[in-house]
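Some notes on the structure that comes next.
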Amino acid sequence: MRSELGAALALVTPAVPVRATGPVTEDDLVADMHAILSGQKQYDPATKRMESRPTPGTPAPAPPQPAPATPPPVMPLPDEANGQAIFDRIAQSMAYANSYDLGTVDVERKFTDFDRIAELKAKAPKPATARPQSRAATAPVGSADFVRDLDTIAQEHTPPSPSSPRYGVPGPWLDMPGRHATCAPVDQLALTEWRGSRPMYDTGEHVLAGGDLYVGQLRVGPNPGLALSYGQIVALPDLYASVDQLMAADPSELAKVKTLVDRSTAFYRDKRGQKVSTTDWETATTNRYLTLAEDNYDHFSPSSLVPGGPQAAGAQGNNQQAWQTHHRRAIDEAQRLAALPENQNQSYLPEFPLIINAFGDHFLTDAFAAGHLINKEAMVDLFRTNFFAGSVLNAAADAFFGRVAQAAFVGDVAAQFSQLETVDYQLCSNGFCFPWRPNINSVSRFKSLLVEAATQEPVKIGNFVVKALHDRLNREGVEVTNDADGGTWTLTGDEHLTPQTLTIMRRAVQQSVDNINDPSILASNLDLAPLFARVWVHVPRPTASAQARLATLLREYTDPNSTMLSTEAAHILTEQLAAMIAVLIREGKLRRD
Numbered sequence: 001m002r003s004e005l006g007a008a009l010a011l012v013t014p015a016v017p018v019r020a021t022g023p024v025t026e027d028d029l030v031a032d033m034h035a036i037l038s039g040q041k042q043y044d045p046a047t048k049r050m051e052s053r054p055t056p057g058t059p060a061p062a063p064p065q066p067a068p069a070t071p072p073p074v075m076p077l078p079d080e081a082n083g084q085a086i087f088d089r090i091a092q093s094m095a096y097a098n099s100y101d102l103g104t105v106d107v108e109r110k111f112t113d114f115d116r117i118a119e120l121k122a123k124a125p126k127p128a129t130a131r132p133q134s135r136a137a138t139a140p141v142g143s144a145d146f147v148r149d150l151d152t153i154a155q156e157h158t159p160p161s162p163s164s165p166r167y168g169v170p171g172p173w174l175d176m177p178g179r180h181a182t183c184a185p186v187d188q189l190a191l192t193e194w195r196g197s198r199p200m201y202d203t204g205e206h207v208l209a210g211g212d213l214y215v216g217q218l219r220v221g222p223n224p225g226l227a228l229s230y231g232q233i234v235a236l237p238d239l240y241a242s243v244d245q246l247m248a249a250d251p252s253e254l255a256k257v258k259t260l261v262d263r264s265t266a267f268y269r270d271k272r273g274q275k276v277s278t279t280d281w282e283t284a285t286t287n288r289y290l291t292l293a294e295d296n297y298d299h300f301s302p303s304s305l306v307p308g309g310p311q312a313a314g315a316q317g318n319n320q321q322a323w324q325t326h327h328r329r330a331i332d333e334a335q336r337l338a339a340l341p342e343n344q345n346q347s348y349l350p351e352f353p354l355i356i357n358a359f360g361d362h363f364l365t366d367a368f369a370a371g372h373l374i375n376k377e378a379m380v381d382l383f384r385t386n387f388f389a390g391s392v393l394n395a396a397a398d399a400f401f402g403r404v405a406q407a408a409f410v411g412d413v414a415a416q417f418s419q420l421e422t423v424d425y426q427l428c429s430n431g432f433c434f435p436w437r438p439n440i441n442s443v444s445r446f447k448s449l450l451v452e453a454a455t456q457e458p459v460k461i462g463n464f465v466v467k468a469l470h471d472r473l474n475r476e477g478v479e480v481t482n483d484a485d486g487g488t489w490t491l492t493g494d495e496h497l498t499p500q501t502l503t504i505m506r507r508a509v510q511q512s513v514d515n516i517n518d519p520s521i522l523a524s525n526l527d528l529a530p531l532f533a534r535v536w537v538h539v540p541r542p543t544a545s546a547q548a549r550l551a552t553l554l555r556e557y558t559d560p561n562s563t564m565l566s567t568e569a570a571h572i573l574t575e576q577l578a579a580m581i582a583v584l585i586r587e588g589k590l591r592r593d
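Given below as structure tokens:
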């Protein structure tokens, strides 16, 4: 093999560096390559010889005297602006590297096969007419060029530090730990419909929970405000992070949101029109919708609701705490309004207290969704325990993502991802790196994408298992009871709202409103516990048999050996393909080829 390569080098390399004893031989070239890769030597274009690389901390040697004649120009690396000429140059240089035994090569992201040479060549630019091609796109790479290329790469590209993100630029994934979109509307696997799920309940279903309370009487936004009903405000925590953000919202945005809320309500109440899409909500809120959909721990129930299941550490909130916080603030605001001189001895509408309370009742109505009977924090924590050994996926988890990739990378998923390439990957070998942007065009590369996402952001991938179980519970239902009615019924969720559940949910919302209108809340030293209890007696909780079932499912859906979980995860990826790709591109993980 070496003799054949030597003959080929002689044909394509009319001039090579000359050593003191003669031309560069094949063995010399191999030795030089090893010396460069190990950092022992570097190529000096002035003398056209291999020189020892200075040891860090030693004085630099005196510069050599000018040569009597102008040395031949060193072939430059391609201009970055000149398309993708670098791919052709790298491909040719790698062809030399592939012909020699360079030892073990550590290629990041597990793309270790050298079939990428063909891929790099395929990406080389077509002949341009607007500007001349660089030498890299037109001239063969000789052995001297190859030695210079290796030395240039070794000097100009250093391996990424262990703390730097290997998955491209630090985008929103790195800035939003624990983000998920199961209850709130849905994104960055995203992580969105990709990050998690559709709203739980959907917007129109939340509106129905408020019935016809205060239609057109509660003004939100800057003066004069947009008049909404109580139920419409109940739906808005999927679109606004807080009451204060809602009250400061741009009037034109509020008008767009109201139009979509009306459309969603008609879809569920009157069974007419089209369902509002994730894209519609994203557009109306200037891409805030999916971001809010991720950090939704407080849309799920307390972990104590499922004895025997994993318990949360309490670092995150839950829907009961979120509702109580808003209900307390609404009562405080009602007391402040009552103390104003202009409100003495006359009736008035406690408008702002009702707006605050309606916003909080969103979390109350979330408690009536089967998929929210679990605690997200506890489930994500158990996922991390079962899937990771420290910060690295364990063997069972690695096999899990292999099964997910194998099941998902077919049909549209394979077709769409094959048109995408990575952004800012590093191809590294023995201490030097250069950019490499492979397409996600195989099961192994798709698996590597999933593994990298899980390694960098385990909480986000943990949201997949939360969504998988939450969707199943919404669909199949859970047997529940409450402290007000005494009987049992099957609780479902998300597009499965039943008349029985809606009736009980409305009782809870009505009691919440009645608390705000109750004159007794104006007393000093008010005890809030009885007020909270009046409302929460209507909230469903799993029966004993349902608790046992939920505890079993929570553990099964956090087990990397579960084939059911890997199958459902693959289904989620397929179902949310468009949203997933949009998030990955927007967050700088992938780009169009």
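Residues 1 to 593, numbered by UniProt numbering, are exactly what the sequence shown covers, in order.
All C-beta atoms in this analysis are idealised placements derived from N, C-alpha and C, irrespective of residue type, glycine included.
This structure is a prediction, so every number in the text was calculated from the model and none was measured.
Straight-line gap, residue i to residue j (C-alpha atoms, nearest Å)
i: T291; j: Q335; result: 34 Å
i: A405; j: Q510; result: 47 Å
i: P237; j: A570; result: 30 Å
i: V466; j: K460; result: 10 Å
i: P251; j: Q232; result: 16 Å
i: Y240; j: E253; result: 11 Å
i: A399; j: C428; result: 25 Å
i: D262; j: R437; result: 45 Å
i: R179; j: N343; result: Reliability of the predicted coordinates at R179 is poor, the pLDDT of 23 falling under 50, and the value obtained from them is presented with this limitation in mind. Roughly 43 Å separates the two Cα atoms.
i: R586; j: L340; result: 49 Å
i: S524; j: S512; result: 20 Å
i: G487; j: P542; result: 12 Å
i: T278; j: T492; result: 22 Å
i: S307; j: L226; result: The sequence shown places Pro at residue 307, not Ser. P307 and L226: Cα-Cα distance of roughly 44 Å.
Buried versus exposed, by CB contacts within 10 Å (16 or more), residue i
i: S545; result: exposed
i: H540; result: Inspection of the sequence shows that residue 540 is occupied by Pro rather than by His. With 16 or more Cβ atoms within 10 Å of its Cβ, P540 is classed as buried.
i: R269; result: exposed
i: L354; result: buried
i: P350; result: buried
i: K271; result: exposed
i: D366; result: buried
i: M564; result: exposed
i: P560; result: buried
i: A315; result: exposed
i: A529; result: exposed
i: residue 597; result: As displayed, the chain neither begins before 1 nor continues past 593, which places residue 597 out of reach and without an answer.
i: E452; result: buried
i: V410; result: exposed
i: Q203; result: Sequence inspection shows Thr at residue 203; the Gln mentioned does not correspond to that position. T203 comes out buried.
i: N517; result: exposed
i: residue 598; result: No answer is possible for residue 598: the residues shown for the chain start at 1 and end at 593.
i: Q346; result: exposed
i: V207; result: buried
i: A415; result: exposed
i: G462; result: buried
i: L522; result: exposed
Close-in-space but distant-in-sequence residues of the same chain around residue i (CB under 7 Å, 5 per side omitted)
i: E476; result: none
i: I356; result: V243, H326, R329, A330 and E333
i: G221; result: M247, A249, P251 and L254
i: residue 610; result: Since the first residue of the chain shown is 1 and the last is 593, residue 610 is not available in this structure.
i: L393; result: F387, V451, A454 and T455
Which of helix, strand or coil DSSP assigns to residue i
i: A293; result: coil
i: L393; result: strand
i: R592; result: strand
i: W194; result: The predicted model places W194 with a pLDDT of 30, which falls under 50 and marks its position as unreliable; any figure quoted below should be read in that light. Of the three classes helix, strand and coil, the one that applies to W194 here is coil, per DSSP.
i: V215; result: coil
i: F352; result: helix
i: P542; result: strand
i: L531; result: helix
i: F388; result: strand
i: E282; result: helix
i: L491; result: strand
i: V583; result: helix
Nonlocal neighbours in the same chain, by C-beta distance under 6 Å from residue i, ignoring five residues either side
i: A378; result: S303, P310, Q311 and A312
i: K275; result: F267
i: F363; result: N319, A322 and W323
i: Q360; result: In the sequence as presented, Gln is not what sits at residue 360; that position holds Gly. Here the set comprises W323, H326 and H327.
Beta-carbon proximity list for residue i, same chain, < 8 Å, skipping 5 on both sides
i: F532; result: Q324 and H327
i: D298; result: Q316, G317, N318, N319, Q321, A322 and F363
Cβ-heavy atom distance, residue i to the ligand ADP, below 7 Å
i: L218; result: Only the bare structure without any ligand can be found here, which leaves the ligand ADP out of the picture.
* Jot down the residue ranges of each uninterrupted alpha helix (DSSP H) in the region 300-340, minimum 4 residues, whole runs only, in chain order. => The region 300-340 contains these whole alpha helix (DSSP H) runs: 319-339.
* Which full runs of the alpha helix (DSSP H) of 4+ residues lie inside the region 392-463, going along the chain? -> Contiguous alpha helix (DSSP H) elements confined to the region 392-463 occur at 395-408, 411-417 and 443-456, taking only those with 4 or more residues.
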